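Residues 65 to 413 in this note's numbering are what the sequence shown spells out, letter by letter.
To start, the structure under review is shown below, and the notes come after it.
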Amino acid sequence: MKKIVYYISEYGFGHATRSIAIIRKLISMFPNIQIEIVNEYAHQFIKESLPYRNISFYKYSTDIGYSLKEESVQPDLAKQESELRKYLKNIPGMVALEKKRLEHENIDLIISDISPVAFEVANQLGVISVGITNFTWYTAFQKLVPQELVEQLRSYYEKMDYFFKLAGCNEPEWSRIFAHQFGFYSREINMDEANYIRRSVGLKNQVVFVGLGMKVDLHELQQYRLWRNPNTHYIVSSNINITLPNVTKIPKDYQETQNYIAACDLVITKAGWGTVSEAVIAGTPLLIIKRDGFTEDDNTIHYLVKHNLAQTISWYDFQKLSNLQIPKRNNSIKRSSLSEIVESIIRLL
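Pasting the structure below:
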């Protein structure tokens, strides 16, 4: 039986949802496989989403994400620098622990989305590694911290053997062996479930998803003008601090959020790849909130605008937004890169 160790980034749920999509497809196409998932932040969510006998879980944090200012989606530069300095200091010890834990496990492949630790572990174990992502923390932190700190991440990503680049990727050619470009993909959409969600909020309403990420907490959000739009029902994630009659929170125990995205007429979101990809695959129009200082966002937005897949709005204008113009919905589900990605993984095994 082949064995994969799959490292999933700690930042939010987007890395988790797209990894879940790959793992589900991988299990269905290549059932004679064992997968160990390494993650802490979304551990319970991932575990409940993947109830397979041949999947195991190791609760461990191997990277850091963005540090945001309180009551904002903008970066906290001082905190980001401090957190990255601590993280870089800890990486050698983390690698040593992972190497010791895995060195007798007969691992065939290590996949990372997109912890730098995974590539150093794979290199020291002599195991082939694959990076699957639209960005790395090397480029993500470019505008946020001093360059000498960012450069310390380079040596880890340079040990990536194969690089599966996702839509919007604008990275150095990290791969030591081969790199390939893929597009968007998401977990499978259940249109019966999406139609049920739509009926539950009223067929006469226009339905809008507002997604700011699971690590954003805005206490003043309820005061925004947006919610006053007549004949509009809003769907938000469970962490959003808002209580209004025309707002539905996705239940905390509901995992398949792609069905809510497919049920909507419009998605307003920051440029998180997971939510964006689910909207693109479902044909749901996108209004992207632009944030300053996030290279990842800039690259995703550039790709979306270039391919006529989204419109944009500044964070300031979003705060003042009152009159919603809903673009025409594209009801055809877009071609997904999921099968192509999984077939590429299987070939490596």
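For each residue, glycine too, the CB sits at the ideal point set by N, CA and C.
Values in this document were obtained by computation on a predicted structure and should not be read as measured data.
Open item on the list: If I follow the unbroken alpha helix (DSSP H) through Q383, where does it start and stop?
Closed with: 379 to 384
Task: Contacts around K392, its chain only, beta-carbon distance under 6 angstroms, and the 5 residues preceding and following it disregarded - done: none
Task: Segment limits, beta strand (DSSP E) that includes G195 - done: 193 to 197
- [ ] Would you kindly work out how many angstroms separate the C-alpha atoms of G76 and G190, rounded to a whole number?
- [x] 30 angstroms
TODO: Leaving aside the five residues before and after K313 along the sequence, list all residues of the same chain whose C-beta is less than 6 angstroms from its C-beta, in chain order.
DONE: V300, S302
Task: Sub-9 angstroms separation of Y129 and G338 beta-carbons - done: The sequence given here places Gly at residue 129; Tyr does not occur at that position. Cβ atoms of G129 and G338: not closer than 9 angstroms.
TODO: May I have a chain-ordered list of the beta strand (DSSP E) segments no shorter than 3 residues that lie completely inside the region 192 to 235?
DONE: 193 to 197, 226 to 229
- [ ] Using only alpha-carbon positions, find the residue among S403, E145, S408 that is nearest to A85.
- [x] S403
Open item on the list: Could you tell me the alpha carbon to alpha carbon distance between S120 and A106, rounded to whole angstroms?
Closed with: 14 angstroms
- [ ] Give the straight-line distance between the Cα atoms of Q286 and D381, rounded to the nearest whole angstrom.
- [x] Approximately 16 angstroms between the Cα atoms of the pair.
Task: Residue(s) in a DSSP beta bridge with K67 - done: Q98
Open item on the list: Pairs of beta-carbons, one from the region 194 to 212 and one from the region 229 to 248, closer than 8 angstroms: are there three or more?
Closed with: yes
Task: First and last residue of the uninterrupted alpha helix (DSSP H) at V261 - done: Inspection of the sequence shows that residue 261 is occupied by Ile rather than by Val. For I261, the enclosing alpha helix (DSSP H) starts and ends at 255 to 265.
TODO: Pull up the distance between the alpha-carbon of N187 and that of I171, whole angstroms please.
DONE: 12 angstroms
Task: Beta-carbon spacing of P139, L132 below 9 angstroms - done: Judged by their CB atoms, P139 and L132 are nearer to each other than the 9 angstroms cut-off.
- [ ] Give me the Cα-Cα distance between E342 and V194, rounded to the nearest whole angstrom.
- [x] 23 angstroms
Open item on the list: Checking the sheet assignment: what are the DSSP bridge partners for V311?
Closed with: Y298
- [ ] Look at the alpha carbon of L141 and the alpha carbon of T126, and state the distance between them as a whole number of angstroms.
- [x] 21 angstroms
Open item on the list: Can you tell me whether E407 is buried or exposed? The criterion is at least 16 other CB atoms within 10 Å of its CB, across all chains shown.
Closed with: exposed
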